[in-house]
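Student: Residue numbers (numbering that gives the first Met the number 0), protein chains in the order written: chain A, 0 to 185; chain B, 0 to 839. Glycine is no exception: its CB is placed at the ideal position from the N, C-alpha and C atoms. The structure displayed is predicted, hence computed values, not measured ones. What follows is a structure written as structure tokens; I'll ask about it next.
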Amino acid sequence: MAGGGWFARWPVIRQLRGQDGRGDAARSARTDALRPRVEEADSVARSVCPYCAVGCGQLVYVKDGKVSQIEGDPDSPISRGRLCPKGSASKQLVTHAGRQTAVLYRRPYGTEWEPLDLDTAMDMIADRVLRTRRDTWQQEHEGRVVRRTLGIASLGGATLDNEENYLMKKLYTALGAIQVENQARI
Amino acid sequence: MAECHPVGFQWVVEARARGAKVFHVDPRYTRTSALADRYTQIRAGSDIVLLGALINHVLSNELDFREYVLAYTNASTIVSEDYRDTEDLDGLFSGFDHETRSYDPASWSYEGAPEEAAAGERAEQVEGGRAHARTAGPDQYGAGGAAALPRPAADPTLRHPRCVYQILKRHFARYTAETVEELCGVSREDFAELAEAITANSGRERTTTWVYSVGWTQHTVGVQYIRTASILQLLLGNIGRPGGGILALRGHASIQGSTDIPTLFNILPGYLPMPHAHRNETLDDYLARAGGDTGFWGRKRAYMVSLLKAWWGDAATEENGFRFDHLPRLTGDHGHYNTVMGQIDGTVKGYFVVGENPAVGSSGGRAQRFGLANLDWLVVRDLALVETATFWKDGPELETGEMRTEEIGTEVFFLPAASHVEKEGTFTNTQRLLQWREKALDPPGDCRSDLWFYYHLGRLIRERVTSEERDLPLRELTWDYPEEGEHREPSASAVLREIGGVGADGQALSAYTELEPDGSTRCGCWIYCGVYADEVNQAARRRPGREQNPEALEWGWAWPANRRILYNRASADPEGRPWSERKAYMYWDEERGEWAGPDVPDFEKNKRPDYRPPENAAAEDALSGIDPFIMQTDGKGWLFAPAGLSDGPLPAHYEPFESPVRNSLYGQQCNPGLRTYPRPESPYNPERSPRFPYVLTTYRLTEHHTAGAMSRPLAYLAELQPELFCEMSPTLAADLGLANGDWATIVTSRTAIEARVLVTERVRPLRIQGRVVHQIGLPYHWGWGSGGLVTGDVTNDLLPIALDPNVYIQESKATTCDVRPGRRPRGGDLLAMMEEYRHG
Ligand code: SF4
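Rendered as structure tokens:
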């Protein structure tokens, strides 16, 4: 580092004197002491960006049970370490304050959300599926066997994993629910 | 592409640095235009005119890649003398029934398709058009498409007046530089430069690629847009070769996967059609009508039986048709928009919405919300409280007084979802590549993966089933997945292994060619067969790109069989030699007796180029050594589609359903088979109505994602694009008395929304049919909720529910609107203004 007093070593002064502001002249004692967040991570998972279908590789760093950073994966032959604004912001996607982490329930004609236990919610949903299926079951339609219900429908987003779509289609088909749709049509 | 697939665009930039010439055709000037050699502005909804004129340019100047066209396409095939073209019928093809607004495609067939052909095939020819019009057709034949004669009559001189080449020539003759100027607003000079560039850059030594996204598909003629590009690329010899193709840029992380393993009403995994009540009583009926018996689709029995075995295991036997009867039957259109009408009518009572937000994301948002408000119960799973979950509390219809919270009977369950880092599984990206994501940590609180939700829901339902016959498919369903961790998360790798398939010995299979029709193999999605080959999760492979060749075969796994370029047999000439040194890819290695090259051959590895099929050969054996399109019954690229489409064997330009322009090419204004829902919840702008004079197109921004639930709550992204805006030209802004930053109200028959005006040269007035037509552009990421840090009106509320007749996609890229200065009226005043627009 250049000699001189603290003032002369002040990065702004060095940059004003014509040194390159992106190089050495940007350094200070404080920046020298900084360590990248990723260095201190407890673990790193190899992941894929959840936004568009380019499928950029992501490295997800975890520290103390929280996502501490998400970066582009330089190994990916698709993205070579790059992420666009959405991919770069995806740490906020998983940590933002607006994320809901509790089940909510709105009873018919209710004016407010109510809390509900997850297991209870699952039981209630299973009961409703079977009730609606029973009430709307079509064994035949125009003289042909159809074995289905038109009372239950589903619409999925295209950030569903293949494994998730597979279980959805399998279960709905066994239930006889046919109005199963996805963002992929839209 | 630079806007919506930014990191993918780095390869375009790199190609350009190496000498590629980049043209950008778009209604708006974007970041893609800024990095292209040429930007061409086009009127939204007119692309078939442009592409058709390029085809005409190729044909009338004989610039096609003749050797490729003769060997690999159906150019020489002779078509039935009953066929009549749009040239003869002023915009219609033969076989149109005005009453049902659908086609009987019998007259489109190849000459010599025997009158008394095999029952199934003939029935399909007869039923094809109508059947599609009812059930999102092309998929009814599965991945292979409709059947055609494997060895039709042909004229290799291409002079027969009824050969495909001559039909094409006549059909596209009226698509000229003049019509491009008149309907697209593209100058003759710009057209000439584009035509010259793509033809000079195709052939033996060079290839040209087309890249598209929903700007081509979200139209009432969306499927035919893609057909037009396919015809052009086949004529130029640009399919199956490096640097060629038509690249579909899909918009979401696994939208390709959601089609391959569909949560779509009309198909089963691997593009097997869902059975139809009236045509598919038994497995044999179904297989007889689900496309042809030659080519790799000829093995469809193996694909279907393996799927049924994966789902119903030991209960599925030869004697009981492998439980084919367990599949529910379709009787018509059961698609998204039809379902919404069913909700409004009260037939659809329960609704699952999983990582989707139709209250903001689907066309005609009002109809969506009226549907939601009329359900018995609704389950919404998402990261944040999306508008679809909260419409009863804060939807726009509360403000207008059309709905009251206390009167909405819908019971709503909101279940928080795990994010992409809190679960493992695969996405399939836009290039058909499956990439496995490792789990970084457990989800917080009640958040769970959708895999967890459906697995446990299935478990709870199966605990409650009775001995009734109706419950048999649930009782016999294979539903035993290992559970992991304290949340009892089902094993995603076990599910992927089931998808990938196992043999009689219970070991993972390596390729779909190993699937058997006798029930000895099980496979949840035949095109994904091999994703767990050698008991290794192939999608999790991560050999760094820099250690591999550009195909990077050891990064993830691409379906089918880890191939990176589909139909790559076409990268070699009929004798199996590369077309040129420069464009060498796959080739026949005579010494080894196999196809070689940097990719996995999309052909039987040891099939010689000089192989010719014996009489009555079946499946792939019926295709010769020069038939690269192995999923087609005749192994050829179809310039002319003798069956399989509901709106014609060739593309024709039709105006958008709502357009300010008269179709000057034909008397037929719009797609004769398009689908609408004329009812109070779904009103339409009259054609060429002076009340709605402007063309409206919608689009996405780099900084936001679809309906916004994954971007509006993020501080960085919300700050980068804080507010809904409406892009318009300085001329239109001056006409309307608007300045940059002012408020404007945009109106269609559906509703009115408000946005800030962005006055910009990026959209320019076009000269169409001798008069000025203005286009405006609206991004559609805003809504009132979703935990958004920024809010705004819902653009999709403006859009019509008008659908393509083949696949039921909505026309969201080209419609009409009015624009007026100032903010929109509130409450009842808005309704009063809408009444005036609709009836005034
Ligand atoms: S980082 Fe950007 S370009 Fe890459 S997948 Fe994510 S959204 Fe797409």
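For residue 180 of chain A, write down the residues that DSSP places opposite it in a beta bridge.
Tutor: A:154
Student: Restricting to Cα atoms, I'd like to know which of B:248, B:585, B:195 is closest to residue 429 of chain B.
Tutor: B:248
Student: Output the boundary residues of the alpha helix (DSSP H) element that contains residue 341 of chain B.
Tutor: That run of the alpha helix (DSSP H) goes 335-344.
Student: Do you know how far the Cα of residue 475 of chain B is from the Cα of residue 460 of chain B?
Tutor: Between residue 460 of chain B and residue 475 of chain B, the C-alpha separation is close to 13 Å.
Student: Please name the residue, chosen from B:834, B:763, B:823, B:797, that lies closest to residue 29 of chain B on a Cα-to-Cα basis.
Tutor: B:763
Student: Using the Cβ count rule (16 or more neighbours within 10 Å means buried), how would you classify residue 56 of chain A?
Tutor: buried
Student: Under 7 Å between C-beta atoms, does residue 105 of chain A make it to chain B?
Tutor: yes
Student: May I have the straight-line CA-CA distance separating residue 439 of chain B from residue 82 of chain B, to the nearest angstrom?
Tutor: 60 Å
Student: How is the beta strand (DSSP E) around residue 134 of chain A delimited, first residue to last?
Tutor: For residue 134 of chain A, there is no enclosing beta strand (DSSP E); the enclosing alpha helix (DSSP H) has its first and last residue at 117-135.
Student: Taking only three categories from DSSP, how would you classify residue 544 of chain B?
Tutor: helix
Student: Please identify the residue among B:95, B:829, B:795, B:834 whose C-alpha is closest to the C-alpha of residue 217 of chain B.
Tutor: B:795
Student: Listed by chain order, which residues have C-beta atoms less than 5 Å from any heavy atom of the ligand SF4?
Tutor: My final list is A:48, A:50, A:51, A:53, A:55, A:82, A:83, A:85, A:86, B:5, B:6.
Student: Closer than 6 Å by C-beta to residue 840 of chain B: which residues in its own chain qualify, once you throw out the five before and the five after it? Chain order, please.
Tutor: The structure shown does not extend to residue 840 of chain B, since chain B spans only 0 to 839, so no value can be given for it.
Student: Report the option in B:621, B:639, B:643 whose CA atom is closest to the CA atom of residue 633 of chain B.
Tutor: B:621
Student: Since residue 653 of chain B and residue 662 of chain B should fall inside the 8 Å C-beta cutoff, what is the C-beta to C-beta distance between them, to a whole number of angstroms?
Tutor: 6 Å
Student: Pull the bridge partners of residue 114 of chain A from the DSSP assignment, please.
Tutor: A:103
Student: Hey, is residue 62 of chain A's beta-carbon within less than 7 Å of any beta-carbon in chain B?
Tutor: no
Student: Is there at least one Cβ from chain A nearer than 7 Å to residue 410 of chain B's Cβ?
Tutor: yes
Student: Give the straight-line distance between the Cα atoms of residue 166 of chain A and residue 312 of chain B, rounded to the nearest whole angstrom.
Tutor: Those two C-alpha atoms are separated by around 15 Å.
Student: Check whether the region 33-42 of chain B and the region 151-159 of chain B are in contact - that is, three or more C-beta pairs closer than 8 Å.
Tutor: no
Student: Below 8 Å between beta carbons is the criterion; list the residues of the region 239-270 of chain B that meet it against any residue of chain A, in chain order.
Tutor: 248, 249, 250, 251, 252, 253, 254, 255, 256, 257, 258, 259, 260, 261, 262, 263, 264, 267, 268
Student: So, helix, strand or coil for residue 752 of chain B, using DSSP?
Tutor: strand
Student: Going by Cα to Cα distance, which pick from B:497, B:399, B:523, B:527 is closest to residue 510 of chain B?
Tutor: B:527
Student: Can you name the residues of chain A whose CB is closer than 9 Å to the CB of residue 667 of chain B?
Tutor: Residues of chain A passing the Cβ test: none, with the nearest at roughly 26 Å.
Student: Identify each residue in the region 801-818 of chain B for which the Cβ-Cβ distance to at least one residue of chain A is less than 8 Å, and report them in chain order.
Tutor: 806, 807, 808, 809
Student: For residue 72 of chain B, which three-state DSSP category applies?
Tutor: strand
Student: How big is the Cα-Cα spacing for residue 328 of chain B and residue 138 of chain A?
Tutor: 10 Å
Student: Within 7 Å (strictly less), CB to CB, does residue 113 of chain A reach chain B?
Tutor: no
Student: From residue 24 of chain B to residue 18 of chain A, what distance separates their C-alpha atoms?
Tutor: 44 Å
Student: Within the region 187-249 of chain B, note down every full beta strand (DSSP E) run reaching 3 residues or more, in order along the chain.
Tutor: 209-211, 245-247
Student: Determine whether the beta carbon atoms of residue 162 of chain B and residue 48 of chain B lie at a separation below 7 Å.
Tutor: no
Student: Name, going along the chain, the residues of the region 554-588 of chain B whose beta-carbon falls closer than 7 Å to a beta-carbon of chain E.
Tutor: Within the model displayed, chain E is absent; protein chains A and B are what it includes.
Student: Under 8 Å by Cβ, that's how I've got residue 68 of chain B and residue 234 of chain B pegged, so tell me the actual separation to the nearest angstrom.
Tutor: That belief holds up - the Cβ atoms of residue 68 of chain B and residue 234 of chain B are roughly 6 Å apart, short of 8 Å.
Student: What residue range does the alpha helix (DSSP H) around residue 53 of chain B cover?
Tutor: Where residue 53 of chain B is concerned, the enclosing alpha helix (DSSP H) stretches over 46-59.
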